[in-house]
Amino acid sequence: MKVVKIISTKQIVVNAGSKDGIKEGQQLEIIDKIGDEPVVDPESGENLGYLNISKGKVIVSRVFPKMSIAEAPSETYSVFDQLTGTFKMPSTTIQSDLNVDPKEITGGLPSPSKDPIRVGDTVIKINE
40 MKVVKIISTK QIVVNAGSKD GIKEGQQLEI IDKIGDEPVV DPESGENLGY LNISKGKVIV
100 SRVFPKMSIA EAPSETYSVF DQLTGTFKMP STTIQSDLNV DPKEITGGLP SPSKDPIRVG
160 DTVIKINE
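For the sequence shown, our numbering begins at 40 and goes up steadily by one.
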């Protein structure tokens, strides 16, 4: 699976969708490359493979038959009242930016929604 479009610093499109078993809420990881150094089992000497070098993680937000929109994860923070030492409502949700190549941002949605993520980067499933 590959990055095929960069919508914004928060959203990308991958070339896999419902026909490939992708589901809304699924976590994906964009990888830079497979590591150079093999992981070897010290007892058997067996080469167990290589560790991926990650560029970032995204969560699928919309699924089409052959493609999906995925976005940077959001984190929710509660407001801490320093006077009383308690957490209060409202909480704040912050969505971090993906480290994308700004020259490759093309937009594409009608409303807003190190090594940068680039079109053609490999994407892997983190969870099923």
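Using N, Cα and C, we set each Cβ at its ideal position, and we do this for glycine too. None of these values were measured; they are calculated from a predicted model.
Taking C-beta separations shorter than 6 Å and ignoring five residues to either side along the sequence, the partners of Ile-133 in its chain run Glu-114, following chain order.
At least 8 Å separates the beta-carbon of Ile-70 from that of Ile-45. Taken through DSSP and simplified to helix, strand or coil, Ser-57 comes out as helix. Nearest C-alpha to Ser-135 among Met-40, Lys-41, Gln-50 and Val-43: Gln-50.
In terms of Cα proximity to Glu-68, the closest of Asp-154, Asp-140, Val-97 and Pro-155 is Val-97. A direct Cα-to-Cα measurement between Asp-80 and Ile-163 gives close to 24 Å. DSSP places Glu-110 in the uninterrupted beta strand (DSSP E) bounded by 107-110. A direct Cα-to-Cα measurement between Lys-58 and Lys-105 gives close to 6 Å. Residue burial annotation: Gly-84 is exposed, with fewer than 16 other C-beta atoms found within 10 angstroms of its C-beta. The C-beta distance from Val-78 to Gly-88 rounds to 6 Å, short enough to meet the 8 Å contact threshold. The Cβ-Cβ distance between Val-139 and Thr-48 falls below 8 Å. Gly-95 and Leu-137 have their C-alpha atoms some 7 Å from each other.
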